[in-house]
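Each number in our numbering comes from the position in the sequence shown (counting from 1) with 6 added on. Built from N, CA and C at the ideal position, the CB exists for glycine as well. Everything numeric in this text was worked out from a predicted model, so none of it was measured. Take a look at the structure below.
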Amino acid sequence: MEAPQMKPKSFWKRPEGVTGLLFLVALVGVLGFVAVTFGAAILSFISTTIGLVVAGLIVLGLIYMIADPKTRNLVFYMYKSVMRAITGMFVQIDPIGILKTYVDELQGNLRKMNKQISQLRAQMHKLKEVIVNNEREISSNLKIAGKAKETNKRNVMILKSRRAGRLKDSNIKLEELYKKMEVLYRVLTKMYENSSILAEDIKDQVAVKEQERKAIHASHGAMTSAMSVIQGDPDQRAMFDMAMESITEDVANKVGEMERFMEVSANFMDSVDLQNGVFEEEGLNMLEEWEKESNSLLLGEEKTNLLLQANNDSDVLDLDAPIAERQRQTGSSNQYDSFFN
């Protein structure tokens with residue numbers, strides 16, 4: 007599986023970037039305050055020979071820093087490092103730590119999803135029973151109506167025929183509901199299966215990359231990274247951290263999709279009243295909107311296949327089959343290995 011072409015977030019869109027922006031705003035504010043408060047003294051100092059030399063050196067230094075790419079990159083690297091260190095005191099920005107949090111979140115979601123699947127399976131069994139009982143009653147009413155017609159019992163014939171018609175209309179709606187439940191069931195079970203693999207892959211990456219990062223950070227310290235920036239060489243430490251951040255962002259999107267579909271599933275099931283054979287349109291509409299969405303990070307191309315299977319009468323769903331507890335084969339590739347290529 008190839009790594010998705012994910013554009014890394016710019017520094018300014020990250021938590022440390024927000025800190026950096028606030029720092030710049032504060033710096034501008036301080037400089038403005040100093041200029042207003044001590045403006046006269048500053049102008050007086052600049053008017054002297056020493057002041058003019060100092061001001062000239064500052065301006066030349068700023069021009070050189072802006073004009074020279076290596077110097078500009080070095081200053082920006084140091085600035086980013088300081089802002090990252092400050093932000094890390096208050097916010098979790100370490101990709102390894104974030105991934106560990108996602109593992110716990112995924113495992114909690116898997117338990118909830120397993121419970122949802124069991125509840126949905128029970129609802130589908132009940133709904134199927136209602137449909138089958140309706141079919142029997144339709145057949146019984148039609149037989150009675152037929153005999154009533156033969157014996158000229160018109161009132162009985164009309165009552166039983168209408169009863170059979172109402173049940174038939176009801177079954178059409180219930181069959182439609184069952185199809186939607188089948189879509190829900192197939193998607194939930196596949197998401198559960200893929201999310202189990204996702205959790206395993208993340209745990210594997212955390213275990214391996216935590217040690218690898220310690221080795222890279224030990225051999226590529228701040229000074230080594232700074233020299234790489236000055237020389238224009240790739241900074242292995244920064245590249246490694248960027249790969250980890252890409253994994254974190256991908257996992258965040260997948261966990262978000264998982265939780266969103268669980269919400270869709272819960273709303274749909276809450277809207278169904280099997281006892282009275284009715285369901286609210288809102289829950290059904292949410293599911294249909296999800297079906298129309300173009301892609302799924304967790305399911306990939308499997309989404310289209312699942313929808314086709316649910317609408318294929320010849321592909322019968324076995325509700326009694328156990329929920330798949332798929333595990334990654336020993337030696338098989340981790341879906342996030344390619345992020346470091």
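Quick check: the Cα distance between residue i and residue j, rounded to an integer number of angstroms?
i, j, result
"residue 308", "residue 252", "23 Å"
"residue 23", "residue 294", "39 Å"
"residue 137", "residue 327", "21 Å"
"residue 273", "residue 290", "9 Å"
"residue 342", "residue 140", "51 Å"
"residue 108", "residue 200", "15 Å"
"residue 149", "residue 176", "19 Å"
"residue 50", "residue 72", "28 Å"
"residue 147", "residue 320", "29 Å"
"residue 39", "residue 88", "24 Å"
"residue 185", "residue 157", "41 Å"
"residue 182", "residue 173", "14 Å"
"residue 103", "residue 86", "20 Å"
"residue 91", "residue 25", "10 Å"
"residue 62", "residue 81", "20 Å"
"residue 221", "residue 16", "26 Å"
"residue 238", "residue 57", "Residue confidence for residue 238 is low, a pLDDT of 49 falling below 50, so the modelled location carries little weight and cannot support an answer."
"residue 95", "residue 21", "12 Å"
"residue 250", "residue 256", "10 Å"
"residue 30", "residue 101", "25 Å"
"residue 259", "residue 74", "39 Å"
Within a Cβ cutoff of 7 Å, which residues of the same chain sit near residue i, ignoring the five residues on either side of it in sequence?
i, result
"residue 340", "207, 210 and 211"
"residue 106", "212"
"residue 118", "268"
"residue 325", "127, 130 and 131"
"residue 329", "120, 123, 195 and 198"
"residue 154", "162, 163 and 166"
"residue 296", "267 and 270"
"residue 246", "219 and 222"
What is the DSSP secondary structure of residue i, counted as helix, strand or coil?
i, result
"residue 343", "helix"
"residue 276", "helix"
"residue 99", "coil"
"residue 54", "coil"
"residue 222", "helix"
"residue 175", "helix"
"residue 299", "coil"
"residue 324", "coil"
"residue 87", "helix"
"residue 123", "helix"
"residue 159", "coil"
"residue 329", "coil"
"residue 317", "coil"
"residue 252", "helix"
Which residues bound the alpha helix (DSSP H) around residue i?
i, result
"residue 306", "Counting along the chain, residue 306 falls outside any alpha helix (DSSP H), and DSSP gives it neither H nor E."
"residue 22", "21 to 43"
Please determine whether the Cβ atom of residue i lies at a distance below 7 Å from any heavy atom of the ligand MN.
i, result
"residue 295", "With respect to the ligand MN, the structure shown offers nothing to examine, as it has no ligands at all."
Might you give, ordered along the chain, the residues of its own chain that have their beta carbon closer than 8 Å to the beta carbon of residue i, omitting 5 neighbours on each side?
i, result
"residue 180", "133, 136, 137, 140 and 283"
"residue 41", "48"
"residue 276", "289"
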